[in-house]
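Heads up: the structure comes next, in structure tokens.
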Amino acid sequence: MVASSLRRHVEAVVVGAGIAGAMTALYLRRAGLSVKLVDAWDPGHARAASAGTHRLIRSTHGTDELYTLWSREARLRWMELSQRLGRRLYYESGVVVLAAEGHSEWEDATQVTFSNLGIPFFIVPPHELPIRLPVVNPQGIAYGLWEPESGFIMSRKALVATVGLFRSEGGEFELGKVETDESERPTLNGKPIQADLVVMACGAWMRKLFPRTLGRLLTIVRQDVILVSPSAGDTRYDWRNMPGWIDHGYPAYGVPAVEGHGFKAAFAWHHATMDIDRSDRVTDPSTVARCRRYLATRFPELADSVITDQKVCQIVNTPDRHFIIDRHPDHENLVLVTGGSGHLYKHGPVVGEFVAGFALNKHGTNQRFRLDHPRTASSPSEDPQ
Numbered sequence: 344m345v346a347s348s349l350r351r352h353v354e355a356v357v358v359g360a361g362i363a364g365a366m367t368a369l370y371l372r373r374a375g376l377s378v379k380l381v382d383a384w385d386p387g388h389a390r391a392a393s394a395g396t397h398r399l400i401r402s403t404h405g406t407d408e409l410y411t412l413w414s415r416e417a418r419l420r421w422m423e424l425s426q427r428l429g430r431r432l433y434y435e436s437g438v439v440v441l442a443a444e445g446h447s448e449w450e451d452a453t454q455v456t457f458s459n460l461g462i463p464f465f466i467v468p469p470h471e472l473p474i475r476l477p478v479v480n481p482q483g484i485a486y487g488l489w490e491p492e493s494g495f496i497m498s499r500k501a502l503v504a505t506v507g508l509f510r511s512e513g514g515e516f517e518l519g520k521v522e523t524d525e526s527e528r529p530t531l532n533g534k535p536i537q538a539d540l541v542v543m544a545c546g547a548w549m550r551k552l553f554p555r556t557l558g559r560l561l562t563i564v565r566q567d568v569i570l571v572s573p574s575a576g577d578t579r580y581d582w583r584n585m586p587g588w589i590d591h592g593y594p595a596y597g598v599p600a601v602e603g604h605g606f607k608a609a610f611a612w613h614h615a616t617m618d619i620d621r622s623d624r625v626t627d628p629s630t631v632a633r634c635r636r637y638l639a640t641r642f643p644e645l646a647d648s649v650i651t652d653q654k655v656c657q658i659v660n661t662p663d664r665h666f667i668i669d670r671h672p673d674h675e676n677l678v679l680v681t682g683g684s685g686h687l688y689k690h691g692p693v694v695g696e697f698v699a700g701f702a703l704n705k706h707g708t709n710q711r712f713r714l715d716h717p718r719t720a721s722s723p724s725e726d727p728q
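With our numbering as the guide, the letters of the sequence shown map in order to residues 344 to 728.
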């Protein structure tokens, strides 16, 4: 265990250079530790869940006030990171959630949470949708829940920038192969990791690394992402004119066109599992057809648009979609971070600081993040995602 009073130079190893690991390494370094960040590939590599083009930054979390407040704080820190580095990483386009007719429990609950916490939002009734969102077919939409102080982060750029900042502040990055022995103690290139503190934040790989501890808690699913190009000169889908969006009736979500990237449409296939080490990162052919059908319904003018990019992202889910941030039951100096459940990236700076504080015994973990926390599927209004 790391002593609460650091009387000597403490060494920490963080495994996994996704956003959770990179931010944890940065905050441990700022706490005065000697920190090594390890990954099997370079930061932002093509297999990483954190390496997509962009991620929505929004505070919509149903009844959950903790994630809502974390999202608000993380947004400010993403803005600060952009200012510090002198490059644009965050775009405040706003985000609109399209509530489905007859199934708006989550959006209804989010309104109450926003009102209680003083978070700006407004409701777009169906008859105003064609004015606010002229490119959207409003069929089947009960209303739009619009959060103006939200947007999206250029996720791969932000991740690489975070690792660069960590290194500029004295942190060390190393490429290596990390495995675990029979007791689930991690090894680096075949040798036990010698450090006062080890943080494992390897995303979907955590299920294979810790089968006894995490196997029953984690499910890995694939998400296929399609980007299409609007017509030449059409700025209606640009981030200045179009917010990020979530369409719960399908379910789908997306990001407006930015920096030459197309208009993003993503579909969560919660029953399409994948082998994290062997599955090709190639979109399923049926995804294209599904995307075309969806666009024809919701964004009809994009139905026949040229597809300019396709990506595959793995999501590691817990049953209740809450993160796992806890110590390994058999190794007191080993902290496990996983279960992003499709909504961890946006919290990245806050998660990193929280994990660092927990690892250094500055505070405990939240009950919902504990390994022994009873995990059952949430009701629609309580779903944190």
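We put the beta carbon where it would ideally sit given N, CA and C, even for glycine. None of these values were measured; they are calculated from a predicted model.
Quick one: grab the DSSP three-state call for residue i.
| i | result |
| --- | --- |
| Met366 | helix |
| Ile462 | coil |
| Ala646 | coil |
| Thr630 | helix |
| Arg372 | helix |
| Gly507 | helix |
| Trp588 | strand |
| Met543 | strand |
| Ala720 | coil |
| Tyr593 | coil |
| Phe553 | coil |
| Thr453 | helix |
| Arg499 | helix |
| Thr661 | coil |
| Ala417 | helix |
Shortest alpha-carbon distance to residue i belongs to which of the options?
| i | options | result |
| --- | --- | --- |
| Pro481 | Pro468, Asn532, Leu419 | Pro468 |
| Thr681 | Gly364, Val356, Leu508, Ala355 | Gly364 |
| Gly691 | Leu460, Arg711, Arg415 | Arg415 |
| Arg555 | Leu502, Gln710, Ser574, Pro672 | Pro672 |
| Ala392 | Asn676, Trp548, Arg373, Leu380 | Trp548 |
| Glu423 | Thr505, Val564, Ala374 | Thr505 |
| Ala699 | Cys545, Val678, Ile619, Ile563 | Val678 |
| Arg499 | Arg390, Lys379, Ala632 | Arg390 |
| Thr640 | Gln710, Ile484, Ala368 | Ile484 |
| Leu508 | Gly359, Arg373, Asn709, Ile667 | Arg373 |
| Val356 | Glu512, Val455, Ala538, Ile466 | Ala538 |
| Tyr590 | Trp489, Tyr688, Glu471 | A small correction: the amino acid at residue 590 is Asp; Tyr does not occupy that position in the sequence shown. Among Trp489, Tyr688, Glu471, the Cα nearest to that of Asp590 is on Trp489. |
| Thr453 | Met497, Glu435, Ala417, Gly405 | Gly405 |
| Leu304 | His665, Glu527, Tyr434, Glu525 | There is simply no residue 304 to check, as the chain begins at 344 and stops at 728 in what is shown. |
Have a look at the DSSP bridge pairing and note the partners of residue i.
| i | result |
| --- | --- |
| Lys379 | Val356, Glu515 |
| Glu522 | Thr530 |
| Leu399 | Phe495 |
| His604 | Val601 |
For residue i, does the count of other Cβ atoms within 10 angstroms reach 16, so buried, or fall short, so exposed?
| i | result |
| --- | --- |
| Gly361 | buried |
| Ser629 | exposed |
| Asn660 | buried |
| Glu522 | exposed |
Can you name the start and end residues of the beta strand (DSSP E) that residue i belongs to?
| i | result |
| --- | --- |
| Ser572 | 562-572 |
| Glu490 | 484-490 |
| Leu687 | Unbroken run through Leu687: none, as it is neither H nor E. |
| Thr681 | 674-681 |
| Ile496 | 494-496 |
| Ile667 | 667-671 |
| Leu441 | 438-443 |
I'd like the span of the alpha helix (DSSP H) that includes residue i, first residue to last.
| i | result |
| --- | --- |
| Gln537 | Where Gln537 is concerned, there is no enclosing alpha helix (DSSP H), given that its DSSP letter is neither H nor E. |
| Gly405 | First-last for Gly405: undefined, no H or E at that position. |
| Phe701 | 691-702 |
| Arg475 | 472-475 |
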